[in-house]
Amino acid sequence: MEKDCAHPSAAHPPAAEPLPLGADDGVPVAAPVSISLEAEVPEVLFDGMRQFLEHHPQWDQYRLISSALAGFLFQNGCGDQGVTQHYLNGLFLRP
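Numbering (our numbering), first residue to last: 27 to 121.
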């Protein structure tokens with residue numbers, strides 16, 4: 027299993043500014059970052075998503091897509107800690 031999701035030949039981004047430390051434990055606290063994503067999907071998947079959301083009002087399209095993407099990446103060997111956390115949150119946390 028790979029350590030992260032990047033292709034081995036992909037360049038690593040430059041180092042960012044240090045993250046602020048948490049008040050209680052001194053562990054860096056990262057603010058969640060979101061991006062906008064536009065994708066074309068087969069109509070049958072869109073209809074399935076719409077039906078799922080109609081029957082599960084605690085979910086929204088953003089949570090569903092994020093959960094599906096995290097699940098796909100995790101199950102296909104992505105070892106990134108953030109991806110793993112999103113995957114596990116989707117399995118065990120309620121909104």
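The beta-carbon is built from N, C-alpha and C at its ideal position, and this holds for glycine as well. It should be emphasised that the depicted structure is a prediction, and the values quoted were computed from it without experimental measurement.
Buried or exposed (CB count within 10 angstroms, at least 16 for buried), residue i
{"i": "residue 65", "result": "exposed"}
{"i": "residue 118", "result": "exposed"}
C-alpha gap between residue i and residue j, whole angstroms
{"i": "residue 112", "j": "residue 82", "result": "19 Å"}
{"i": "residue 96", "j": "residue 108", "result": "9 Å"}
{"i": "residue 100", "j": "residue 62", "result": "21 Å"}
{"i": "residue 106", "j": "residue 93", "result": "15 Å"}
{"i": "residue 104", "j": "residue 98", "result": "9 Å"}
{"i": "residue 69", "j": "residue 115", "result": "28 Å"}
{"i": "residue 102", "j": "residue 59", "result": "23 Å"}
{"i": "residue 110", "j": "residue 77", "result": "27 Å"}
{"i": "residue 73", "j": "residue 67", "result": "10 Å"}
Residue i beta carbon near the ligand ZN (any heavy atom closer than 7 Å)
{"i": "residue 119", "result": "By its list of ligands, the structure shown contains no ligand whatsoever, and the ligand ZN lies outside what it can speak to."}
Rounded Cβ spacing between residue i and residue j (contact assumed at less than 8 Å)
{"i": "residue 90", "j": "residue 79", "result": "7 Å"}
Residue j beta carbon less than 8 Å from that of residue i
{"i": "residue 84", "j": "residue 75", "result": "no"}
- Message: Runs of 4 residues minimum, wholly inside the stretch 58 to 106: which ones carry the alpha helix (DSSP H) assignment?
- Response: Entirely contained in the stretch 58 to 106, the alpha helix (DSSP H) runs reaching 4 residues are, in chain order, 69 to 81 and 87 to 101.
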